[in-house]
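Below is one structure, written out as structure tokens; the observations come after it.
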Amino acid sequence: MIQTMRNAWKVPELRGKLLFTVFALLIFRLGSAVPVPFINVDMLSDYMTAQSASIFGLLNVMSGDAFAQATVFALSIQPYINSSIIIQLLTIAIPALERLQKEGGEEGKKKLAAITRYATVGIALIQAFGFYTMLRVGSGGTSFLSTTGIWPAFVIIAAFVAGSAFLMWLGEQITEFGIGNGISIILFAGIVARGPSMVGSMIDGVRGWIAKSDPAASLVLHPAFILLIVAGMLLLVAFIVFMDNSERRIPVQYAKRVVGRKMYGGQSSHLPIKVNMSGVLPIIFAQSIASIPATIGMFVPSAQTPGSGWYTFLQVFDSRGWVYCIVYFLLIVFFSYFYNTIQFNPIEVSNNLKKNGGFVPGFRPGKPTSDFLSKVVSRITMFGALYLAVVALLPTIVGNIMLLAGSSAGRSLAIGGTSVIIVVGVALETVKALEAQLMMRHYKGFLE
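Going by the working numbering, the sequence shown wraps up at 1292, each residue one higher than the last.
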């Protein structure tokens, strides 16, 4: 990875893309520190700290602590992600959108992108109003707003919507002029920015656990415990990298054919099918859908009152609860199959092999080949979905065990599973994008 970055820095064009990406992320972090007026940030921050194990804590991690500080980028890119999910689902359900996606060409893609942008603004408006409602209601009858009225409400909602729309535009600019997928890069930057505070919270929780179990014990963490944590994180990262690079290679044989006086084909190749074909998108999609109950709860004043029905409902969908874990697991599996179905079309691949004189040994070209590819992709997708779900939920399970043992460090750990897999996945995708662009600019060396 470091060598790839060095090689990319030596290429003037890639150096410009890297600098543009860094500059865009700098703007993102600066915007995440600009507070929205009329909000008591200190009270809100204390409340979010107490809710760190809930879905609000997860939204805060994804936004890079902007949600707890009620900054301009508090909604982060969640509205855009939700909008993309809705539009992709509608392209399957609505024939007009499906034709626009498949037959519209470049113009159709532009229209779908415009529809996604408008939907993003609409969703951001709904979420901003819900966030304002939660701020107005506050906690324990105390509002998080310094003043109320129509004008403060308009300013707060408009600032949140404008921040989300700007991040959507910034992500598109990174995709076009920078390196990698802009939306994923922004999500990556927000999670990494929260990393030091999450580690600090975990250390404080472990120290509190030591003091609680043995007041006479030293509050200095034992080196063996620190090494155990570091070793566990490195093993988790290594496992994620291994699974992301794993693939099933289906052998493909090309028949010999004569064109004029030349003979083509006759060589053997393979069709690579990745175990984790969808990358981090199922995690992001599942997390966005799983946050819907908390978003709905923002509109209900009684959701912040202990003992009320809505408060109990939100507690059921707490990010450490078994209901949330089951729903999260099923959503990851569903979106893994859903995204792979959109990304890989066995019938189209089979027809392309047939047109080029290729075939899978043991299967006739056409429908038998497409049925075989569908079967293989279905099995591979199941392994990839289970891998994503297990890695995303394993830290949550470990965090619950630590909480039962009396350590508040489990609160940070419970949210860390989703963060780690997104960070590692986005880093791998970005490095692969850099390597692909380096290969395009040095193809002469491969031909020589």
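Ideal Cβ positions, reconstructed from N, Cα and C, are used throughout, including at glycine.
Owing to the predicted nature of the structure, the values given are computational and were not obtained by experimental measurement.
Judged by beta-carbon spacing, Ala852 lies beyond the 8 Å limit of Leu1158, meaning their Cβ atoms are not closer than that value.
In the DSSP annotation of this structure, the continuous segment of the beta strand (DSSP E) that includes Arg1093 starts and ends at 1091-1098. Collapsing the DSSP output to three states places Phe1178 in a helix. In this chain, the alpha helix (DSSP H) harbouring Pro996 covers 994-1021. Only residues of its own chain outside the window of five on either side were considered, and among them Asn1025, Gly1026, Ile1027 have a CB closer than 8 Å to the CB of Thr1019, listed in chain order.
Within the same chain, Leu989, Ser990, Thr991, Pro996, Val999, Ile1000 come within 7 Å of Phe882 by CB-CB distance, once the 5 residues on both sides are set aside.
At a Cβ-Cβ threshold of 8 Å, Ser1132 and Gln971 do not count as neighbours.
Per DSSP, reduced to three states, the secondary structure at Thr915 is strand. Per DSSP, the beta-bridge partners of Thr986 are Ser983. By the beta-carbon neighbour count (other beta carbons within 10 angstroms, threshold 16), Phe1182 is buried. Looking at the backbone, the Cα of Val1124 and that of Ile1266 are separated by about 6 Å. Contact check for Ile967 against Ile931 fails: the beta carbons are separated by 8 Å or more.
Taking Gly1015 as the centre and dropping the five residues before and after it, the same chain places the C-beta of Gly1026, Ile1027, Ile1030 closer than 6 Å to its C-beta, in chain order. Judged by beta-carbon spacing, Ser1218 lies beyond the 8 Å limit of Pro1239, meaning their Cβ atoms are not closer than that value.
With at least 16 other beta carbons inside 10 angstroms of its own, Ser1122 counts as buried. A direct Cα-Cα distance of roughly 17 Å separates Ser928 from Met906. Contact between Gly1022 and Phe872 does not hold, since the beta-carbon distance rounds to 12 Å and is not under 8 Å. With a 10 Å radius around the Cβ and a threshold of 16 neighbouring Cβ atoms, Ala1003 comes out buried. As for any alpha helix (DSSP H) of minimum length 4 sitting wholly inside the stretch 928-960, the runs are 939-947, ordered along the chain. Around the CB of Asn1196, fewer than 16 other CB atoms lie within 10 Å, so the residue is classed as exposed. Taking the C-beta atoms as reference points, Val1235 is found no nearer than 8 Å to Ile1140. Residue environment analysis places Arg1038 among the buried positions, since at least 16 neighbouring C-beta atoms fall within 10 angstroms of its C-beta. By the Cβ neighbour-count rule, Tyr1168 is buried, with 16 or more other Cβ atoms within 10 Å of its own.
Rounded to the nearest whole angstrom, the CA to CA distance from Ala877 to Val965 is 22 Å. Using a 10 angstroms sphere on the CB of Asn1089, the tally of other CB atoms stays under 16, which defines it as exposed. Around the beta-carbon of Val880, 16 or more other beta-carbon atoms lie within 10 Å, marking it buried.
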